[in-house]
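What follows is a single structure, written as structure tokens, with notes after it.
Residue numbers (this note's numbering): 11 to 292.
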């Protein structure tokens with residue numbers, strides 16, 4: 011079996027983050043869905059209900075009184091925050107392992123995913139975008155393709171790095187030459203297989219090349235900027251990260267002032283500390 015066919019088979023057999031995450035992400039694409047729809051989805055999944063209530067009752071939120079059911083959690087926390095929580099819980103297991111092909115120790119891909127999600131959400135809020143959860147999710151899942159390609163990259167790391175170092179390719183370009191696909195393409199294929207909303211598929215596909223995106227240029231650009239900020243802060247750096255030069259045209263096109271971006275960076279540490287505390291609550 012060729013490498014490309016092997017990768018396609020791995021995509022087909024990759025277990026979705028969860029059925030519930032797929033249902034929740036579908037809400038991002040449906041303007042008619044509301045709080046009751048979200049709470050109905052959560053309350054029919056006992057394990058997810060337990061996790062959401064555990065998080066809602068943590069000191070992280072400091073909500074008044076005891077939150078006893080999913081509907082209460084959605085009312086007090088709001089749809090956007092609960093959707094983000096559900097997706098972080100659902101994706102946690104998938105990203106927390108080690109990904110040696112990319113030079114990432116256990117937990118580093120997870121840290122990078124959550125960090126970019128927080129940054130993208132804040133950039134989207136400053137930009138005044140309404141669907142901040144779409145940006146949060148796009149940044150969270152932008153590297154899902156690495157989960158599929160990890161072992162293939164590890165097996166082919168020498169020819170990939172030769173192309174990066176000798177021919178001055180990006181790691182993604184070298185992946186495509188050696189393996190037949192890059193991790194963004196694979197991520198978009200995974201998203202399509204899992205029936206994610208079309209805008210989310212687009213964001214994942216163009217998270218490194220937003221200037222090529224049609225239909226999600228602004229959203230992909232914001233995720234691109236969040237990804238670049240993670241590298242600047244040396245969060246979850248892998249073997250591929252040094253090969254991605256930052257394109258100033260993207261930030262200029264988004265139209266955010268340097269002071270606005272710096273404000274997001276300045277507030278990031280506190281938010282990430284809270285998320286770390288949130289996911290270690292007993």
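We put the CB at the ideal spot given by N, CA and C, even for glycine.
Here the structure is a predicted model, which means the values were calculated and not measured.
Once you ignore the five residues that flank residue i on each side, which residues in its own chain have a CB closer than 8 Å to its CB?
i, result
"residue 11", "Low local confidence applies: a pLDDT of 47 at residue 11 is under 50, so the model's placement there is unreliable, with the coordinate-based value given in what follows. Here the set comprises 19."
"residue 124", "98, 150, 282 and 285"
"residue 173", "179, 183, 184, 187 and 188"
What are the start and end residues of the alpha helix (DSSP H) that includes residue i?
i, result
"residue 216", "No alpha helix (DSSP H) holds residue 216; DSSP gives it neither H nor E."
"residue 120", "118 to 137"
"residue 87", "80 to 87"
"residue 160", "154 to 165"
"residue 234", "227 to 242"
"residue 51", "45 to 53"
"residue 199", "193 to 203"
"residue 258", "258 to 264"
Between residue i and the rest of its own chain, which residues show a CB-CB distance below 7 Å, the 5 nearest in sequence each way excluded?
i, result
"residue 212", "223, 225, 226 and 230"
"residue 69", "none"
"residue 118", "246"
"residue 80", "49, 52, 53, 59 and 62"
"residue 83", "62, 63, 66, 77 and 92"
"residue 13", "162, 189 and 190"
"residue 270", "136"
Less than 9 Å between the beta carbons of residue i and residue j, yes or no?
i, j, result
"residue 73", "residue 87", "yes"
"residue 129", "residue 275", "yes"
"residue 214", "residue 145", "no"
"residue 111", "residue 159", "yes"
"residue 143", "residue 90", "yes"
"residue 200", "residue 155", "yes"
"residue 109", "residue 157", "yes"
"residue 253", "residue 184", "yes"
"residue 186", "residue 250", "no"
"residue 279", "residue 136", "no"
"residue 114", "residue 248", "yes"
"residue 277", "residue 210", "no"
"residue 100", "residue 163", "no"
"residue 235", "residue 133", "yes"
Note down, in chain order, each residue of its chain lying with its Cβ closer than 6 Å to the Cβ of residue i, except the 5 sequence neighbours on either side.
i, result
"residue 240", "122, 125 and 126"
"residue 106", "117 and 120"
"residue 237", "126"
"residue 169", "188"
Name the DSSP bridge partner or partners of residue i?
i, result
"residue 114", "109"
Are the stretch 179 to 196 and the stretch 204 to 223 touching by the rule of at least three beta carbon pairs closer than 8 Å? yes
- Would you check if there are 3 or more beta carbon pairs closer than 8 Å linking the stretch 262 to 273 to the stretch 227 to 247? yes
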